[in-house]
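J.:
Numbering (my numbering), first residue to last: 25 to 392.
#1: Looking at residue 144 and residue 178, is the spacing between their C-beta atoms short of 7 Å?
#2: Secondary structure at residue 96, three-state DSSP: helix, strand or coil?
#3: Round the Cβ separation of residue 97 and residue 29 to the nearest angstrom and send it over; I've been treating them as touching at under 8 Å.
#4: Taking only beta-carbon positions, decide if residue 224 is within less than 7 Å of chain D.
#5: Closer than 8 Å by C-beta to residue 212: which residues in its own chain qualify, once you throw out the five before and the five after it? Chain order, please.
#6: With residue 251 as the anchor, note down where its beta strand (DSSP E) starts and where it stops.
#7: Decide yes or no for the touch test of the region 61 to 70 against the region 202 to 217: beta carbon pairs closer than 8 Å, at least 3 of them.
#8: Alpha carbon to alpha carbon, how far is residue 196 from residue 247? Give it in angstroms, no decimals.
#9: Go ahead and label residue 27 buried or exposed: buried means 16 or more other beta carbons lie within 10 angstroms of its beta carbon, across all protein chains shown.
#10: How many Å lie between residue 207 and residue 142 at the Cα?
#11: Considering only DSSP beta bridges, list what residue 55 is partnered with.
#12: Which residue wins for smallest C-alpha separation from residue 204, given the options 217, 218, 187, 220?
#13: Determine the contact status of residue 110 and residue 252, defining contact as a CB-CB distance below 7 Å.
#14: Could you pull out every unbroken beta strand (DSSP E) segment of at least 3 residues lying fully inside the region 155 to 239, listed in chain order?
#15: Give me the Cβ distance between residue 240 and residue 121, rounded to the nearest whole Å; I'm assuming they're in contact under 8 Å.
#16: In chain order, what residues of the same chain have a beta carbon less than 8 Å from the beta carbon of residue 158, not counting five sequence neighbours either side?
#17: Considering only the alpha carbon of each residue, which of 228, 238, 236, 130 lies closest to residue 34?
#18: Compare the C-alpha of residue 137 against each of 155, 129, 146 and name the closest.
#19: Taking residue 115 and residue 139 to be in contact with their CB atoms under 8 Å, please state how far apart those CB atoms are, rounded to whole angstroms.
#20: Taking the alpha carbon of residue 225 as the point to measure from, which residue in 69, 180, 128 has its own alpha carbon closest?
#21: Is residue 112 closer than 7 Å to residue 249 when the C-beta atoms are compared?
#22: Just verifying my parser: in three-state terms, what is the DSSP assignment at residue 130?
If you want it as C-alpha cells, here you go:
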C-alpha cells in the first residue's frame, strides 16, 4: 500500500505573488538509506551523510527560467483529524529555500512548522509555527500579521542534524514542540482546525524576497528521517493497518478520542511508528524501485502490535494541479521499521471527506 505520495504537479509562475513557479518532481525525492556495513554508524548513509529521504530544491531553473524544481510528499490518507504529529528533519543550510512539515486541508486551514534555510546554519536557528485562518487567507494568504504566526528561536543548528518538529492538535488548541520541548499553544477561535486533511513535507523556493528567498545557487537538500503520526480518523471504516490494529473509540460528529500522554504542555517521549525514510535496522529491506500503474492507496501504516519490519511506499501521481485526477504512477519502495507498539484512535460515524492538493502558488507565510 502507498503510504506517501511524491507530488508531480506544477504551480505556474505568477509574478503577482512571486518571481518563480514551482515544479514538484519525482527526481527530487531521493532515498538515502542507512549503511548496513560492519563499521556502519547509526543514522548515517554509506557516504557518511545523514540517512533518510532526501528532498531537493534544484538550482537549475526550468521552463524558460520560470520554474524552480522542488520536492513534496503527501500522506495518502486524507481523513486525519486531531492527534500528535512528529517529524525528524535535518533542514538545508543552502540559502534560498523553505522546508516545512504540515497538516493541510485548505489555504485557510493549515498547520505548519517551517524553517527558512538562510537561518538554518546558526545557533540558535529560527523556526516558524504557522496556523492559517480565514483572516490570513483574506490577507493574501499571509499569516505573518495574524495571531496564527510565531517565530521560534531554537537552541541548535537546524542544518547540522536531525531534530524533531511536532504539533499536537485537539478540538480546542494546537501545541507546538521542538525536540519534545513545548514552545507555545494556540487556542484562538478560528485558528484551530475542525475538519479532516492530510500530512505533507515539502522543500521549496519561489524566489520571494520576504520568505523563501532564492532560488538557491546550488542544489539544496533537506533530509527526512521519520514521521510519527498518532491521530483520529474521520472515516467510519478506516482502511489498511488502522482497521485491524490498535485501539479505537466511538465519537459523535467531530468526536475526539484522547491519546494518552501526547497533548498539553508536558512533553512526552516519541515512539517510532511510521518511517518514510530508510531504516537503521540491518534486517530491513533494501531500498528498491519499481514501475507500475496503480492507484494511490488510502491506507497508511501507523499501527503495529509489536516490533516488526514492514515496508511502505512513496508513489508519484501526476495530477491536474489540485484536481486529484489519478494517473500512472512510479513507485519507490522504502524500507521502514516499526520499533514499538503504537495506538491509532478512530472517531466513528463520519464519512471521510475528500481533500485535494492545492495548486496555489502564493508565497506568503502559511501557504506552502
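Ideal placement from N, C-alpha and C gives every residue a C-beta, glycine not left out.
T.: The relevant details are as follows:
#1: If you number the chain shown from 1, residue 178 lands on position 154. If you number the chain shown from 1, residue 144 lands on position 120. Going by C-beta atoms, residue 178 is not nearer than 7 Å to residue 144.
#2: Within the chain shown, numbered from 1, the residue matching residue 96 stands at position 72. Residue state, collapsed to three classes: strand.
#3: Locating residue 97 in the chain shown gives position 73, counting from the first residue. Locating residue 29 in the chain shown gives position 5, counting from the first residue. The Cβ separation is near 7 Å, so the contact holds.
#4: No chain D is part of this structure, which consists of one protein chain only.
#5: Your numbering for residue 212 matches position 188 in the chain shown. Closer than 8 Å at Cβ, skipping near neighbours: 171, 172.
#6: Your numbering for residue 251 matches position 227 in the chain shown. Counting along the chain, the beta strand (DSSP E) containing residue 251 begins and ends at 244 to 257.
#7: By the Cβ test, the region 61 to 70 is not in contact with the region 202 to 217, since fewer than three Cβ pairs between them sit closer than 8 Å.
#8: Position 223 of the chain shown, counting from 1, holds the residue named residue 247. Position 172 of the chain shown, counting from 1, holds the residue named residue 196. Whole-angstrom Cα-Cα distance: 32 Å.
#9: Numbered from its first residue, the chain shown carries residue 27 at position 3. Buried is the label assigned to residue 27, since at least 16 other Cβ atoms lie within 10 Å of its Cβ.
#10: Position 183 of the chain shown, counted from the start, is the residue given in the question as residue 207. Position 118 of the chain shown, counted from the start, is the residue given in the question as residue 142. The straight-line gap from Cα to Cα measures roughly 22 Å.
#11: For the purposes of this step, residue 55 is taken as the residue at position 31 of the chain shown. Per DSSP, 77.
#12: One-based indexing of the chain shown puts residue 204 at position 180. Here the closest residue by C-alpha is 187.
#13: Taking the chain shown and counting its residues from 1, the one referred to as residue 110 is at position 86. Taking the chain shown and counting its residues from 1, the one referred to as residue 252 is at position 228. Their beta carbons are under 7 Å apart, which means residue 110 touches residue 252 by this criterion.
#14: Complete beta strand (DSSP E) runs here, min 3: 173 to 178, 187 to 193, 198 to 202, 205 to 210, 222 to 228.
#15: Translated into the one-based positions of the chain shown, residue 240 becomes position 216. Translated into the one-based positions of the chain shown, residue 121 becomes position 97. Right, the Cβ-Cβ distance comes to about 6 Å (below 8 Å), so this counts as a contact.
#16: Here residue 158 is taken as the residue at index 134 of the chain shown, counted from 1. The residues are 132, 214.
#17: Reading the chain shown from its first residue, position 10 is the one you call residue 34. For the residues 228, 238, 236, 130, the minimum Cα distance to residue 34 belongs to 228.
#18: For the purposes of this step, residue 137 is identified with residue 113 of the chain shown, where counting begins at 1. When each option's Cα is compared against that of residue 137, the closest is 155.
#19: Within the chain shown, the letter at position 91 stands for residue 115. Within the chain shown, the letter at position 115 stands for residue 139. The pair is a contact, with the Cβ atoms about 4 Å apart (cut-off 8 Å).
#20: Taking the chain shown and counting its residues from 1, the one referred to as residue 225 is at position 201. Check the Cα spacing between residue 225 and each of 69, 180, 128: the tightest is with 128.
#21: Translated into the one-based positions of the chain shown, residue 249 becomes position 225. Translated into the one-based positions of the chain shown, residue 112 becomes position 88. Yes.
#22: Working through the chain shown from its first residue, we reach residue 130 at position 106. Residue state, collapsed to three classes: strand.
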